[in-house]
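Peer 1: Mind having a look at this structure? Questions to follow.
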Amino acid sequence: MAELQQRTLDALQKNEGWLLQAWNVDLAGSGADQDRRMSAEELGQQTADFLQLLVKGVRQGGGAGITDEAWAAARGFLEKLSRSRALQGFESQHTANFIFSLKRPLFTLLQRDLSDDPRLLAEQLWAISEILDMLGLFTVASFQKSREEVIRRQQEELLELSTPVVKLWDGVLALPMIGTLDSQRTQVVMESLLERIVETGSEIAIIDITGVPTVDTLVAQHLLKTVTAIRLMGADCIISGVRPQIAQTIVHLGLDLQGIVTKANLADALALALKRTGLSVVKA
Amino acid sequence: MERIPILRMGEFLLVTIQVDMHDQLALTLQEDLGERISATSARGVLIDISALDIVDSFTGRMIGTISAQSRIMDAHTVLVGMQPEVAITLVELGLTLPGVSTALDVERGMKLLSARVANA
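Listed below in structure tokens is the structure:
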């Protein structure tokens with residue numbers, strides 16, 4: 278890796294003010310300061326902070342890679358910046374542009390200060406470019422990491438949110454399913470429903486699929502599995518909320534629901550459940 | 002040799018499986034149960050597996066066979082007290098036990114059995 282020469286460092290340190298200004302102008306040119314998610318002052322503060330950290334890193338770390346101890350502060354700053362951008366909903370190139378837009382001002386500066394020695398200029402440009410590239414890649418990597426964290430957390434929350442087992446009546450449980458059914462969710466749903474059946478000693482479980490957008494062969498298979506498991510435990514299962522489109526799909530796919538009781542809506546299913554438990558509803 | 006006790010309750014037979022099933026035990030149970038049904042002319046068999054945490058494919062299949070065998074000897078079989086984990090395992094193994102009646106606990110199983118026998 279090319280070493281940064283003392284002349285470059287001096288030039289950087291002397292022209293920090295000019296660099297900051299040029300950088301801000303460049304960022305403004307790319308429309309970064311027009312973003313409503315972040316004020317121009319906030320962006321200005323970030324550029325000023327980072328430039329200081331960059332100069333410090335270059336001075337202490339020299340040509341060593343950015344994994345060096347000298348860059349710890351700059352790395353920490355970028356990590357924090359990427360995370361906040363990810364949470365604010367910025368795109369990755371937007372975030373990376375924060376670093377890459379510093380290239381032009383830096384190059385202009387070096388060209389101006391080292392114009393008397395073309396060989397040194399080329400070498401130093403290469404060195405500074407390498408550092409900036411690494412910083413930019415680091416930013417994108419941490420941006421992606423925080424985005425993935427957000428997605429993972431949301432997935433977990435979704436899994437827990439969407440599987441409530443409710444008691445409709447003494448001995449009647451209902452499970453309103455919402456969202457697409459995959460194997461993982463079916464597993465969670467099946468487990469929580471079966472456990473509640475044991476806990477409450479309910480003889481009838483109603484699975485309401487009004488909130489399931491589509492039923493394909495795989496989803497039907499998952500439903501069949503759940504119904505079979507419920508039957509093995511000694512309880513009965515009714516599937517409700519079969520919308521016309523879903524009924525049509527099931528017929529088109531030629532799926533055999535093997536004697537599963539299906540109802541158009543939850544009310545019908547509850548009525549059937551009450552009838553089976555020997556109860557009837559009368560007007561007071 | 003280890004055996005699973007078969008208790009007589011009126012015209013029904015009650016089998017409570019309290020220990021982990023292994024293949025030989027399941028085979029012995031099948032034989033014993035056949036003998037007992039013919040000896041007592043029982044009309045129903047109640048198998049309680051609420052203490053069973055693990056069921057392998059062999060045991061699962063054996064339960065199906067026992068039920069079918071009893072049916073031929075004119076005794077209804079009701080399987081009661083299956084644990085959620087066991088139910089999930091059996092479904093994943095593809096053992097859906099199509100001809101077997103099930104109930105949540107022994108009490109409900111007895112009620113179901115009485116109704117079945119009365120209808121027959």
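Chains C and A, in that order, are what the protein sequence lines are.
All residue numbers for the first sequence refer to this note's numbering, where the first residue is 278 and numbers rise by one.
All residue numbers for the second sequence refer to this note's numbering, where the first residue is 2 and numbers rise by one.
Ideal placement from N, C-alpha and C gives every residue a C-beta, glycine not left out.
How long is the line joining the alpha carbons of I18 of chain A and K422 of chain C, rounded to whole angstroms?
Peer 2: To locate residue 18 of chain A, count along the second sequence from 1; it is residue 17. To locate residue 422 of chain C, count along the first sequence from 1; it is residue 145. Taking the straight line joining both Cα atoms gives about 52 Å.
Peer 1: Could you check whether the stretch 4-23 of chain A touches the stretch 543-550 of chain C, counting it as contact only if at least three pairs of C-beta atoms, one from each stretch, sit closer than 8 Å?
Peer 2: These segments do not touch.
Peer 1: Would you tell me roughly how many angstroms separate the C-alpha atoms of E346 of chain C and A325 of chain C, rounded to the nearest one?
Peer 2: One-based indexing of the first sequence puts residue 346 of chain C at position 69. One-based indexing of the first sequence puts residue 325 of chain C at position 48. Distance between the alpha carbons of E346 of chain C and A325 of chain C: 21 Å.
Peer 1: Look at the alpha carbon of A317 of chain C and the alpha carbon of L387 of chain C, and state the distance between them as a whole number of angstroms.
Peer 2: Residue numbering aside, residue 317 of chain C sits at position 40 when the first sequence is read from its first letter. Residue numbering aside, residue 387 of chain C sits at position 110 when the first sequence is read from its first letter. About 27 Å.
Peer 1: Count the other CB atoms within 10 Å of the CB of K502 of chain C; is the residue buried (16 or more) or exposed (fewer)?
Peer 2: Working through the first sequence from its first residue, we reach residue 502 of chain C at position 225. Buried.
Peer 1: So with CB distances below 8 Å, who are the chain A contacts of K502 of chain C?
Peer 2: Within the first sequence, numbered from 1, the residue matching residue 502 of chain C stands at position 225. What K502 of chain C touches in chain A: V92 and E93.
Peer 1: Exposed or buried, what is H23 of chain A when buried is set at 16 or more other beta-carbons lying within 10 Å of its beta-carbon?
Peer 2: Numbered from its first residue, the second sequence carries residue 23 of chain A at position 22. So H23 of chain A ends up on the exposed side.
Peer 1: Within 10 angstroms of its Cβ, does M10 of chain A collect 16 or more other Cβ (buried), or is it exposed?
Peer 2: Locating residue 10 of chain A in the second sequence gives position 9, counting from the first residue. When all chains shown are included, M10 of chain A counts as exposed.
Peer 1: Please confirm whether M278 of chain C has its beta-carbon closer than 8 Å to some beta-carbon of chain A.
Peer 2: Here the question's residue 278 of chain C lines up with position 1 in the first sequence. Its pLDDT being 48, under 50, M278 of chain C is placed unreliably in this model, and the coordinates cannot settle the point.
Peer 1: Output yes or no for whether 8 Å exceeds the beta carbon distance between G448 of chain C and E468 of chain C.
Peer 2: Stepping through the first sequence from its first residue, residue 448 of chain C is reached at position 171. Stepping through the first sequence from its first residue, residue 468 of chain C is reached at position 191. Contact flag unset, no.
Peer 1: Is there a C-beta anywhere in chain A that falls below 8 Å from the one on R508 of chain C?
Peer 2: Sequence index remark: in the first sequence, residue 508 of chain C carries index 231 (1-based). Interface residue, yes.
Peer 1: At 9 Å on the CB atoms, spell out the chain A contacts of L547 of chain C, in chain order.
Peer 2: Indexing the first sequence from 1 puts residue 547 of chain C at position 270. The premise fails here: L547 of chain C is roughly 20 Å from chain A at the closest Cβ pair, so nothing lies under 9 Å.
Peer 1: For a cutoff of 8 Å on Cβ pairs, would you count L15 of chain A as touching chain C?
Peer 2: Taking the first residue of the second sequence as 1, we reach residue 15 of chain A at position 14. So no, L15 of chain A is outside the interface.
Peer 1: Residue ranges of each beta strand (DSSP E) run of no fewer than 3 residues wholly in the stretch 502-545 of chain C, ordered along the chain?
Peer 2: Within the stretch 502-545 of chain C, the complete beta strand (DSSP E) runs of at least 3 residues are 513-517.
Peer 1: Ordered along the chain, which non-local residues of its own chain (more than five positions away) have a Cβ less than 7 Å from that of R424 of chain C?
Peer 2: Within the first sequence, the letter at position 147 stands for residue 424 of chain C. Within the same chain, R424 of chain C has close Cβ partners A363.
Peer 1: Are the beta-carbon atoms belonging to I516 of chain C and L471 of chain C less than 8 Å from one another?
Peer 2: Numbered from its first residue, the first sequence carries residue 516 of chain C at position 239. Numbered from its first residue, the first sequence carries residue 471 of chain C at position 194. Cβ atoms of I516 of chain C and L471 of chain C: not closer than 8 Å.
Peer 1: Name the residues in the stretch 467-487 of chain C whose C-beta lies less than 9 Å from a C-beta of chain A; which are they?
Peer 2: Cβ contacts with chain A: M467, E468, L470, L471, E472, I474, V475, G478, S479 and E480.
Peer 1: Measure the alpha-carbon distance for G353 of chain C versus D390 of chain C and round it to whole angstroms.
Peer 2: Position 76 of the first sequence, counted from the start, is the residue given in the question as residue 353 of chain C. Position 113 of the first sequence, counted from the start, is the residue given in the question as residue 390 of chain C. In a straight line, the C-alpha of G353 of chain C is about 31 Å away from that of D390 of chain C.
Peer 1: What residues match up with M10 of chain A in a beta bridge as DSSP calls it?
Peer 2: Locating residue 10 of chain A in the second sequence gives position 9, where the first residue counts as 1. DSSP, once it has assigned bridges, lists A:F13 as partnering M10 of chain A.
Peer 1: Would R9 of chain A count as contacting chain C if we go by Cβ distances under 8 Å?
Peer 2: Counting from 1 along the second sequence, the entry for residue 9 of chain A is found at position 8. Not one chain C Cβ lies under 8 Å of R9 of chain A.
Peer 1: Runs of 4 residues minimum, wholly inside the stretch 282-358 of chain C: which ones carry the alpha helix (DSSP H) assignment?
Peer 2: DSSP runs (the alpha helix (DSSP H)) wholly in the stretch 282-358 of chain C: 283-291, 293-306 and 317-338.
Peer 1: Distance check for Q464 of chain C and L532 of chain C, CA to CA, integer angstroms please.
Peer 2: The residue labelled residue 532 of chain C in the question sits at position 255 within the first sequence. The residue labelled residue 464 of chain C in the question sits at position 187 within the first sequence. Going from the Cα of L532 of chain C to the Cα of Q464 of chain C covers about 21 Å.
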